[in-house]
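So the structure is just underneath, and the comments pick up after that.
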Amino acid sequence: MKINHMTAVELGKAIKAGKVTAADAVNAFYDRIGLVEQDINSYVTVIDRETALRKAEEIQAKIENGTLTGPLAGVPVAIKDNMCTAGVRTTCSSKILYNFEPTYTATAVEKLERAGAVIIGKTNMDEFAMGSTTETSYFGETKNPWNPAHVPGGSSGGSCAAVAAEECAYALGSDTGGSIRQPSSFCGVTGIKPTYGTVSRYGLIAYGSSLDQIGPVAKDVTDAATILEIIAGYDPKDSTSVKRKDYDFTAALTEDVEGMKIGIPRDYFGEGLNPEVKEAVLQVANVLEEKGAVVEEFDLGLVEYAIPAYYVIASAEASSNLERFDGVKYGYRTETYNGLHDMYKKTRSEGFGAEVKRRIMLGSFVLSSGYYDAYYLRALRTKALIKQAFDAAFEKFDMILGPAAPTTAPKLGESLADPIQMYLGDIYTISVNLAGLPGMTVPCGIDSKGLPIGAQLIGNCFEEKKLIRAAYTFERTRTYQRPAMAEEGVD
Amino acid sequence: MAKQYETVIGLEVHVELATKTKIFCGCSTEFGGEPNTHTCPVCTGMPGSLPVLNKQVVEYAMAVGLATNCEITRYCKFDRKNYFYPDNPQNYQISQLYLPICKNGYVEIETPDGPKKIGIHEIHMEEDAGKLIHDDWEDCSLVDFNRSGVPLIEIVSEPDMRSADEVIAYLEKLRLLIQYLGASDCKLNEGSMRADVNLSVREAGSETFGTRTETKNLNSFKAIARAIANEQERQIDLLEAGEQVIQETRRWDDNKEYSYAMRSKEDAQDYRYFPEPDLVPISISEEWLEQVKAAQPEFRDAKRARYVAELGIPEYDADILTASKKMADIFEAVVALGKKPKEVSNWLMVETMRLLKDNNMEPEDISFSPEHLAALITLIEEHTINRTVAKEVFEQIFREDVDPVAYVEEKGLKMDSNADELQAVIARVLEENPQSVADYRAGKQKAIGFLVGQTMRATQGKANPGMVNQILIKMLNQ
């Protein structure tokens, strides 16, 4: 089997078995990057091959002497460019951080490195994770490997495209309102947004602090569970990190949904949902029912309030989180200026893109005196009500099944023209972040345009394992479908 | 008849807490390191870094709240205060607005009309900013983040003070309470205690408050008193001239004895406070609160009473010794080493106070160790040195914390008790001063004082004065 066609776990096994070396793996993916990166633009920064090869050799030695035994040792990975990597440029796909090299590494990335991952690059994203298409990147848009006229989704579009295009074995993404699940759906890959507090946010450049979570982007459920098991864990450096009882996500890789109660929210299948997507997602319900699950429709409620509440809360936090980018300490500073305030104004006007500015202004407005109660406090109350609606649902169901996005990937340029329409595209993913729940996207079909469709599984807090079990069971009924451009293999 | 005015004052007092590490990271809080050496990604606002609350900060804040009769907020939160300034690396300060840790307290001060309660509106926790240094040579500003993230509490009083004297009494009371708690050294000149004065004037008898101003940059009690006098006069002059006081922030220049407006309410910033999402709310359990209560120290009143009752110290001495926590600590430490309380008290009340005054220092600046004062007292008790020499040695202890035993040895200051040598010296002194000898023999007893002095001089002060007296009398009477 060609190296790039293997899943991350398969490649890890092959390396451990001595069939492939870590250096072979690195070379294979650099060859893939050489072949397709110019068409896809998954990466903001590709680490130079020599550095990656040196790292691979170190890891190879540790695998051979038995100090590295984990399932992903020696496997090349791509990291979304909003996670700090010491000495490797970390830009958030923004001009304002175009030259920023962190002095430290994010906890989740450090955990991967300790497990023997070879980082080969930093993936493209919507600027500061604000967007649903990866078109707001300062470093140019990423294209969908299934059809380069279409977007890969966002904001983790680079990570999802890189996995689909086989420019890496797996990747890390981050999800604030759907940024792992929606692009996973558009690119035909598997992604998990864990329960808030499961993966440390230390080193993740914040967008909406109370909503952000790092998660895996992979080719299949086994990879996703394996990656999550490595990156999850309590971190004393992140006060919002949780000490969980279970981190053994791979233990849920079993084909067993007998008696599992799955709720289908009618609110997620109404107007606005593309019929082909609807059909493909309902087909997942049918498959799981055949496997023994109990599927039932219900009304979740409050769905229409999720988007306004989300844009108020996320933008408010973002407006504050992004204040530190001011030209004083690092990153971009305007060329000519007259005094401090002019420097601030010009640096930020020139350094941030339109979508980021839009959200900074929105966030600043909703926090300003006189408007705080009407917008921010009301949004927080809405958030609490949404959580209650999910709590009620999880009293009846083990999980909720729905689409990850109303459509398959739109064409490049279609979305940014109408930001409200773009925001509405996040309707199925956003409430999961507001409620702090785990959500997961699994590929479930291809539409008539040849673009992938993803189904989303939503679980109660700390119940990723139920999602993994159901996703794994469903996945066993089909085979992995890769885009045509990834059919070509490299050794 | 001219109108009578009343001055209304409230204070915002910032106190740097004496934790070893910063409020949200593990960096040292030590003062005076090389610029940007006590820093990490958190306190320099690096992207992706996250704050983790130092529990000691909460305990100190609770302790100060308890000592000032506050209610402790059992479920409290941090909020972000957003404003752009280069000394603030994140461009927001983590502070508390909606649920501060302490509320509704008071401290009692002494006034000429008797005791008075000064209300405390709230106490909240927050982080300090870095320091900007302007480099005139390069014409640029540099930032030192060593102070960034040093923990502060802000104690906000009610507008209950009516004069500079009351303000000073309130500040001294707060300072002493906090020093006794060990929560801060409260040095105004080093900025570990900073007071902003909110002041307004109104016609005597009026029920409503006048428009207030806030005066900043007050680095000593004297500056505070001067600034208050200046500001009340300025406001009265405005009102007398039929003008209005503008609500604004003013900066005091103590050299020029003048304040100037920094910003008015119109251009006051909107801080866009909102709950800090990177920190979880603090729940203070009954158990935790009880632990902090149990650890409250003996405050001044109790200490003073104990010194009088148990250690036999005069009330006057006890009052001075307890006026500073540092002084009381040294006193107790030396007494604990077995020295007589009154003797220890004398060294502190007389020599120490004198040296502090001469050197323009506060008791908190004392750096000598109690062991060295105790050893000095032992040297006197054992007649190894006389009191005159002891005072000299004490100056060295005060200045450089020298070990008195080694110092006396090294400098050869031991009392000279060798009778033969002394006899020879005295013989020479008598020979050189025939007039005094004659005076003494003629019945002028006082002349012996001069001869003792001459002998001490000849021995460079090392002679045992008792022995000098004894030998002199013997030889004069021969």
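If you read the protein sequences in the order shown, they are chains C and G.
The numbering of the first sequence is our numbering, which starts it at 1 and goes up by one.
The numbering of the second sequence is our numbering, which starts it at 1001 and goes up by one.
Virtual Cβ for every residue (Gly too), placed ideally from N, Cα, C.
| message | Helix, strand or coil, according to DSSP, for Met1456/G in the structure here? | response | As a first step, residue 1456/G must be located in the second sequence, where it is residue number 456. Assignment of Met1456/G by DSSP, reduced to helix, strand and coil, places it in the helix class.
| field | chain C contact for Glu1016/G (CB, 9 Å cutoff) | value | Taking the second sequence and counting its residues from 1, one reaches residue 1016/G at position 16. Chain C, which has no Cβ nearer than 9 Å to the Cβ of Glu1016/G, makes this no.
| task | Quick one: residues in its chain with C-beta nearer than 8 Å to the C-beta of Met1001/G, no 5 flanking neighbours on either side, listed in chain order? | result | Here residue 1001/G refers to the residue found at position 1 of the second sequence. The predicted model places Met1001/G with a pLDDT of 49, which falls under 50 and marks its position as unreliable, so this point remains unresolved.
| message | If contact is defined by three or more beta carbon pairs under 8 Å, each pair taking one atom from either stretch, is the stretch 256-265 of chain C in contact with the stretch 385-404 of chain C? | response | yes
| field | Contact residues within the stretch 195-217 of chain C, judged by C-beta distance below 9 Å to chain G | value | Of all residues in the stretch 195-217 of chain C, only Ser200, Arg201, Tyr202, Gly203, Leu204, Ile205, Ala206, Gly208, Ser209, Ser210 and Leu211 place a beta-carbon less than 9 Å from a beta-carbon of chain G.
| task | Using a Cβ cut-off of 9 Å (strictly closer), state whether Gln1096/G contacts chain C. | result | In the second sequence, counting from the first residue as 1, residue 1096/G sits at position 96. By this cut-off, Gln1096/G is not an interface position.
| said: Tell me whether the stretch 227-241 of chain C and the stretch 191-208 of chain C touch, counting them as touching only if at least three CB pairs, one residue from each stretch, are closer than 8 Å. | reply: yes
| task | Could you tell me whether the Cβ of Val1008/G comes closer than 9 Å to any Cβ of chain C? | result | Here the question's residue 1008/G lines up with position 8 in the second sequence. With a threshold of 9 Å between beta carbons, Val1008/G makes no contact with chain C.
| query | Can the beta-carbon of Phe249/C be found closer than 9 Å to that of Glu464/C? | reply | Reading the first sequence from its first residue, position 249 is the one you call residue 249/C. Reading the first sequence from its first residue, position 464 is the one you call residue 464/C. Going by C-beta atoms, Phe249/C is nearer than 9 Å to Glu464/C.
| task | Measure the alpha-carbon distance for Arg378/C versus Pro403/C and round it to whole angstroms. | result | The residue labelled residue 378/C in the question sits at position 378 within the first sequence. The residue labelled residue 403/C in the question sits at position 403 within the first sequence. Cα-Cα distance, rounded: 28 Å.
| task | Please say whether Gly1048/G and Ala205/C have beta carbons closer to each other than 9 Å? | result | As a working note, residue 205/C is residue 205 in the first sequence. As a working note, residue 1048/G is residue 48 in the second sequence. Checking the sequence shown, residue 205/C turns out to be Ile, not Ala. Yes, the pair counts as a contact, with Cβ atoms nearer than the cut-off.
| At least one CB of chain C closer than 9 Å to the CB of Pro1100/G: is that the case? | As a first step, residue 1100/G must be located in the second sequence, where it is residue number 100. Pro1100/G has a beta carbon lying at 9 Å or more from every beta carbon in chain C.
| request: Could you run through the stretch 76-97 of chain C and flag, in chain order, every residue whose CB is less than 9 Å away from some CB of chain G? | output: Asn82, Met83, Cys84, Thr90, Cys92 and Leu97
| query | Does the beta-carbon distance from Gly1210/G to Val1167/G come in below 9 Å? | reply | Counting from 1 along the second sequence, the entry for residue 1210/G is found at position 210. Counting from 1 along the second sequence, the entry for residue 1167/G is found at position 167. No; because the gap between Cβ atoms is not below 9 Å, this pair is not in contact.
| Using a C-beta to C-beta distance shorter than 9 Å, which residues of chain C count as neighbours of Gly1048/G? | Residue numbering aside, residue 1048/G sits at position 48 when the second sequence is read from its first letter. Asn82, Met83, Cys84, Thr90, Pro102, Tyr104, Ala106, Arg201, Tyr202, Gly203, Leu204, Ile205 and Ala206, listed in chain order.
| message | Measuring straight from C-alpha to C-alpha, what distance separates Pro438/C and Lys19/C? | response | Numbered from its first residue, the first sequence carries residue 438/C at position 438. Numbered from its first residue, the first sequence carries residue 19/C at position 19. Their Cα atoms are separated by approximately 36 Å.
| said: Mapping the DSSP letters down to three states, classify Ser159/C as helix, strand or coil. | reply: Counting from 1 along the first sequence, the entry for residue 159/C is found at position 159. Note: Ser159/C maps to helix in three-state DSSP.
| query | Taking C-beta to C-beta, are Ile192/C and Ala224/C nearer than 9 Å? | reply | Counting from 1 along the first sequence, the entry for residue 192/C is found at position 192. Counting from 1 along the first sequence, the entry for residue 224/C is found at position 224. A contact, by the Cβ cut-off of 9 Å.
| query | Exposed or buried, which one is Ser137/C when buried takes at least 16 other CB atoms within 10 Å? | reply | Here residue 137/C corresponds to residue number 137 of the first sequence, with the count starting at 1. So Ser137/C ends up on the buried side.
| Closest residue to Ser1369/G among Gln1460/G, Gln1396/G and Ala1067/G (Cα-Cα distance) | Stepping through the second sequence from its first residue, residue 1369/G is reached at position 369. Answer by Cα proximity: Gln1396/G.
| field | Validate contact between the stretch 1002-1010 of chain G and the stretch 1200-1218 of chain G using beta carbons, cut 8 Å, 3 pairs | value | yes
| task | Using beta-carbon positions only, say whether Leu1422/G and Tyr1440/G come within less than 9 Å of one another. | result | Counting from 1 along the second sequence, the entry for residue 1422/G is found at position 422. Counting from 1 along the second sequence, the entry for residue 1440/G is found at position 440. Going by C-beta atoms, Leu1422/G is not nearer than 9 Å to Tyr1440/G.
| query | Which residues share a DSSP beta bridge with Met1361/G? | reply | For the purposes of this step, residue 1361/G is identified with residue 361 of the second sequence, where counting begins at 1. Paired residue(s): none; Met1361/G is not in a bridge.
| query | If you drop the 5 nearest sequence neighbours on each side, which residues of the same chain put their C-beta closer than 8 Å to that of Tyr1260/G? | reply | As a position in the second sequence, residue 1260/G is number 260, starting the count at 1. Taken in chain order, the residues that qualify are Arg1250, Arg1251 and Asp1253.
| Going by Cα to Cα distance, which pick from Gly178/C, Phe139/C, Asp175/C and Thr123/C is closest to Ala164/C? | Reading the first sequence from its first residue, position 164 is the one you call residue 164/C. Checked all of Gly178/C, Phe139/C, Asp175/C and Thr123/C; the closest Cα to Ala164/C is Thr123/C.
| field | Cβ of Thr240/C within 9 Å of any chain G Cβ | value | Position 240 of the first sequence, counting from 1, holds the residue named residue 240/C. It does: the Cβ of Thr240/C has a partner Cβ on chain G nearer than 9 Å.
| query | Which runs of the beta strand (DSSP E) fall wholly inside the stretch 251-320 of chain C and span at least 3 residues, in chain order? | reply | 261-265 and 294-298
| query | When we look at the beta-carbon of Tyr344/C and count the other beta-carbons within 10 Å, is it buried (16 or more) or exposed? | reply | For this step, residue 344/C is matched to residue 344 along the first sequence. Taking a 10 Å sphere around the C-beta of Tyr344/C, we find 16 or more other C-beta atoms and assign the residue as buried.
| request: Would you tell me roughly how many angstroms separate the C-alpha atoms of Ile1282/G and Trp1288/G, rounded to the nearest one? | output: Looking up residue 1282/G in the second sequence gives position 282. Looking up residue 1288/G in the second sequence gives position 288. Straight-line Cα distance between these residues: approximately 12 Å.
| request: Whole angstroms is fine: what's the gap from Met125/C's alpha carbon to Val44/C's? | output: What you label residue 125/C is simply residue 125 of the first sequence in a count that begins at 1. What you label residue 44/C is simply residue 44 of the first sequence in a count that begins at 1. Whole-angstrom Cα-Cα distance: 9 Å.
| Hey, out of Ile15/C, Ala17/C, Glu50/C and Gly12/C, whose CA is closest to Tyr30/C's CA? | Here residue 30/C is taken as the residue at index 30 of the first sequence, counted from 1. Tyr30/C has its Cα closest to that of Glu50/C, out of Ile15/C, Ala17/C, Glu50/C and Gly12/C.
| field | chain C contact for Asn1146/G (CB, 9 Å cutoff) | value | Here residue 1146/G is taken as the residue at index 146 of the second sequence, counted from 1. For Asn1146/G, the answer is no, since every Cβ of chain C falls outside 9 Å of its Cβ.
| request: Please go through the stretch 1310-1394 of chain G and give each complete alpha helix (DSSP H) segment of 4 or more residues, from N-terminal end onward. | output: 1315-1321, 1325-1336, 1341-1346, 1353-1358 and 1370-1381
| field | Cβ-Cβ distance between Val26/C and Lys55/C below 9 Å | value | Within the first sequence, numbered from 1, the residue matching residue 26/C stands at position 26. Within the first sequence, numbered from 1, the residue matching residue 55/C stands at position 55. Going by C-beta atoms, Val26/C is nearer than 9 Å to Lys55/C.
| Would Val1350/G be called buried (16 or more neighbouring beta carbons within 10 Å of its own) or exposed? | Translated into the one-based positions of the second sequence, residue 1350/G becomes position 350. Classification for Val1350/G: exposed.
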